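Colleague: When we follow full-length UniProt numbering, the leftmost residue of the sequence shown carries the number 1, and every step to the right adds one.
Positions of the beta carbon are idealized from the N, C-alpha and C atoms, including for glycine.
Being a predicted model, the structure only gives us computed values, none of them experimental.
A single structure is presented below for examination.
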Amino acid sequence: MDAFYASCELLRYPQLKGMPVVIGGGRRKEDDLLGKLQAAYPEGEWTEDTFAERLDRIPVDFFPRLNGYTGRGVITTATYAARQFGVGSAMGLMKAAKLCPQAIMLPVDFERYRHFSRTFKSIITDIAPVMQDRGVDEVYIDFTDVPGGQREGGRVLARLIQKSIFEATGLTCSVGVAPNKLIAKMASEFNKPNGISIVHEADLQTLIWPLACRKINGVGPKADEKLKGFGIHTIGDLAAREQHWLIENFGKSYGAWLFDAAWGRDDRPVETESEPVSMSRETTFERDLHAVRDRAELGAVFTRLCEQVAADLQRKGYEGKTIGIKLRYDNFQAVTRDQSLSDYTADAKRIRQVAGQCLKRVDLSRRLRLLGVRVGSLVKAGAAPDSVNHPMKAEEPGHEWQTQLLFTDD
Numbered sequence: 001m002d003a004f005y006a007s008c009e010l011l012r013y014p015q016l017k018g019m020p021v022v023i024g025g026g027r028r029k030e031d032d033l034l035g036k037l038q039a040a041y042p043e044g045e046w047t048e049d050t051f052a053e054r055l056d057r058i059p060v061d062f063f064p065r066l067n068g069y070t071g072r073g074v075i076t077t078a079t080y081a082a083r084q085f086g087v088g089s090a091m092g093l094m095k096a097a098k099l100c101p102q103a104i105m106l107p108v109d110f111e112r113y114r115h116f117s118r119t120f121k122s123i124i125t126d127i128a129p130v131m132q133d134r135g136v137d138e139v140y141i142d143f144t145d146v147p148g149g150q151r152e153g154g155r156v157l158a159r160l161i162q163k164s165i166f167e168a169t170g171l172t173c174s175v176g177v178a179p180n181k182l183i184a185k186m187a188s189e190f191n192k193p194n195g196i197s198i199v200h201e202a203d204l205q206t207l208i209w210p211l212a213c214r215k216i217n218g219v220g221p222k223a224d225e226k227l228k229g230f231g232i233h234t235i236g237d238l239a240a241r242e243q244h245w246l247i248e249n250f251g252k253s254y255g256a257w258l259f260d261a262a263w264g265r266d267d268r269p270v271e272t273e274s275e276p277v278s279m280s281r282e283t284t285f286e287r288d289l290h291a292v293r294d295r296a297e298l299g300a301v302f303t304r305l306c307e308q309v310a311a312d313l314q315r316k317g318y319e320g321k322t323i324g325i326k327l328r329y330d331n332f333q334a335v336t337r338d339q340s341l342s343d344y345t346a347d348a349k350r351i352r353q354v355a356g357q358c359l360k361r362v363d364l365s366r367r368l369r370l371l372g373v374r375v376g377s378l379v380k381a382g383a384a385p386d387s388v389n390h391p392m393k394a395e396e397p398g399h400e401w402q403t404q405l406l407f408t409d410d
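As structure tokens, this is what we get:
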């Protein structure tokens with residue numbers, strides 16, 4: 001999907017189309033915006049009853065701008081108008097404010113995005129039922145056995161999918177069609193937004209090899225830096241290296257995979273069903289918080305994260321037996337701790353209790369910028385094998401007093 005979160009917001013606020021808009025920061029606060037409108041128009045034009053029906057009439061000047069933003073918020077996505085200024089996903093809002101201070105900032109609304117996600121995926125499976133979910137805004141589709149799926153190299157079916165999604169939602173998407181998932185993923189980025197790209201096996205050298213190695217899904221920043229250290233900048237450079245050299249320098253498994261990826265080889269099937277390994281929730285604080293001085297605020301956040309993870313598990317029908325926490329300190333150092341249970345659970349209170357035990361094993365004397373809760377080793381609810389008593393991991397002493405101050409088990 002094209003700039004998915006931002007596009008969902010532009011359906012709600014069409015007056016912002018063509019403008020630089022970023023999605024990120026705190027939760028939605030319609031009350032603040034309504035209050036400003038009521039103050040500017042005291043004659044009663046804006047009321048709680050009519051506000052939701054008149055979102056498309058809110059004057060542009062009433063939307064908050066990035067200019068002067070201070071805080072820890074991170075951009076989830078940006079419109080293409082904002083991207084022209086170098087603003088993009090995962091960028092801190094303060095940095096984005098320097099690049100594009102005039103950009104309009106909207107808070108996230110995950111419930112809305114999940115609704116449109118379910119809608120566009122349902123449309124796709126009605127047309128091409130072999131679909132692999134790749135997150136809220138991306139899927140893989142197998143055209144092989146779909147009637148007409150091979151016409152014009154897949155372009156006809158791709159256009160039908162685009163047209164069907166747009167007519168039902170008003171949202172656009174970009175489609176890459178290729179012999180396998182690896183190349184199709186890269187092709188989907190070629191002609192954004194609302195584009196279709198067809199890549200045949202014979203196109204590998206002309207369309208794929210000139211791309212940077214980072215365009216390969218699976219080559220991260222560390223691997224890319226190492227490749228550049230060897231003078232390997234493009235996928236073509238990578239393809240020119242012998243397989244044994246890549247294995248010697250990048251390991252048996254990853255080196256062999258790099259060689260195959262450079263030559264466009266990928267035999268992974270489109271998997272219509274896959275089981276999640278874990279579910280987690282985390283939050284980055286607007287300011288660094290301390291376990292003692294900010295006990296009430298942190299405690300409330302901790303409880304909310306546990307409840308959110310439990311709700312995710314229950315909604316999707318899973319239980320887990322490994323519960324963990326993640327912290328990031330004010331110096332950006334991250335630590336994780338987890339604990340395994342003898343049985344499976346999706347209960348918020350139980351998750352909170354065990355996650356609290358994990359917190360006793362970390363240093364809470366330092367200020368925190370991020371807190372997260374995770375449940376792993378998942379099985380379908382009710383399908384867990386008979387419980388076996390396993391001893392819990394030994395606790396690491398030294399920080400229990402701070403945990404008790406911050407997170408009690410009641």
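Does the Cβ-Cβ distance between residue 297 and residue 132 come in under 8 Å?
Modeller: no
Colleague: Checking the sheet assignment: what are the DSSP bridge partners for residue 280?
Modeller: 374
Colleague: Check the DSSP bridge columns for residue 132 and list the partner residues they point to.
Modeller: 140
Colleague: Measure how close the beta-carbons of residue 276 and residue 378 come, nearest whole angstrom, since I'm counting them as under 8 Å.
Modeller: 6 Å
Colleague: Report the option in 119, 145, 151 whose CA atom is closest to the CA atom of residue 136.
Modeller: Proximity to residue 136 across 119, 145, 151 peaks at 119, based on C-alpha coordinates.
Colleague: Would you be able to state if there are at least three C-beta pairs under 8 Å between the stretch 256 to 270 and the stretch 229 to 241?
Modeller: yes
Colleague: Between which two residues does the alpha helix (DSSP H) carrying residue 15 extend?
Modeller: Unbroken run through residue 15: none, as it is neither H nor E.
Colleague: Would you call residue 332 buried or exposed, if buried means 16 or more other Cβ atoms sit within 10 Å of its Cβ?
Modeller: exposed
Colleague: Over the uninterrupted alpha helix (DSSP H) stretch that includes residue 164, give me the two end residues.
Modeller: 155 to 169
Colleague: With a threshold of 6 Å on Cβ separation, who are the neighbours of residue 290 within its own chain once the five nearest residues in sequence on each side are excluded?
Modeller: 367
Colleague: Below 6 Å CB to CB, which residues in the same chain sit around residue 77 once its five sequence neighbours on both sides are set aside?
Modeller: 3, 5, 6, 23, 89
Colleague: Quick check on the burial criterion: 16 or more other C-beta atoms within 10 angstroms. Buried or exposed for residue 338?
Modeller: That one is buried.
Colleague: How many Å lie between residue 374 and residue 281 at the Cα?
Modeller: Rounded to whole angstroms, residue 374 to residue 281 spans 7 Å at the Cα level.
Colleague: Residue 7 by DSSP, collapsed to three states: which one?
Modeller: Residue 7: helix per DSSP, three-state reduction.
Colleague: Taking only runs of the alpha helix (DSSP H) that begin and end inside the stretch 192 to 241, which ones reach a length of at least 4 residues, in chain order?
Modeller: 221 to 229, 235 to 239
Colleague: Going straight from the alpha carbon of residue 85 to that of residue 99, what length do you get?
Modeller: Distance between the alpha carbons of residue 85 and residue 99 is about 6 Å.
Colleague: Kindly indicate the opening and closing residues of the alpha helix (DSSP H) around residue 41.
Modeller: No alpha helix (DSSP H) contains residue 41, which DSSP labels as neither H nor E.
Colleague: Would you call the stretch 164 to 174 and the stretch 108 to 127 touching, i.e. three or more CB-CB distances under 8 Å?
Modeller: yes
Colleague: If you compare alpha carbons, which of 83, 170, 94 is closest to residue 67?
Modeller: 94
Colleague: Skipping 5 residues on each side, what residues in its chain have a beta carbon closer than 7 Å to that of residue 139?
Modeller: 121, 124, 131, 132, 133
Colleague: When burial is assigned at 16 or more other CB atoms within 10 Å of the CB, is residue 319 buried or exposed?
Modeller: So residue 319 counts as buried.
Colleague: Nearest-angstrom Cα distance between residue 193 and residue 80?
Modeller: Distance between the alpha carbons of residue 193 and residue 80: 8 Å.
Colleague: Under 8 Å, do residue 284 and residue 74 count as touching if we go by C-beta distance?
Modeller: yes
Colleague: Does DSSP put residue 367 in a helix, in a strand, or in coil?
Modeller: coil
Colleague: Sort 349, 245, 340, 294 by Cα distance to residue 365 and report the nearest one.
Modeller: 294
Colleague: If I measure Cβ to Cβ from residue 9 and keep anything under 6 Å in the same chain, skipping five residues before and after, which residues do I get?
Modeller: 106
Colleague: DSSP three-state call for residue 339: helix, strand or coil?
Modeller: strand
Colleague: May I ask you to report which of helix, strand or coil DSSP gives residue 69?
Modeller: coil
Colleague: What residues match up with residue 92 in a beta bridge as DSSP calls it?
Modeller: 74
Colleague: Going by the DSSP bridge assignment, what does residue 329 pair with across the sheet?
Modeller: 368
Colleague: Ordered along the chain, which non-local residues of its own chain (more than five positions away) have a Cβ less than 6 Å from that of residue 310?
Modeller: 346, 348, 351
Colleague: Leaving out five residues before and five after residue 243 in sequence, what residues of the same chain have Cβ atoms less than 8 Å from its Cβ?
Modeller: 255, 256, 259
Colleague: So, at 6 Å on beta carbons, what are the nonlocal neighbours of residue 33 in its own chain, with the 5 sequence-adjacent residues on each side left out?
Modeller: none
Colleague: Between which two residues does the alpha helix (DSSP H) carrying residue 55 extend?
Modeller: Judged by DSSP secondary structure, residue 55 falls outside any alpha helix (DSSP H); it is assigned neither H nor E.
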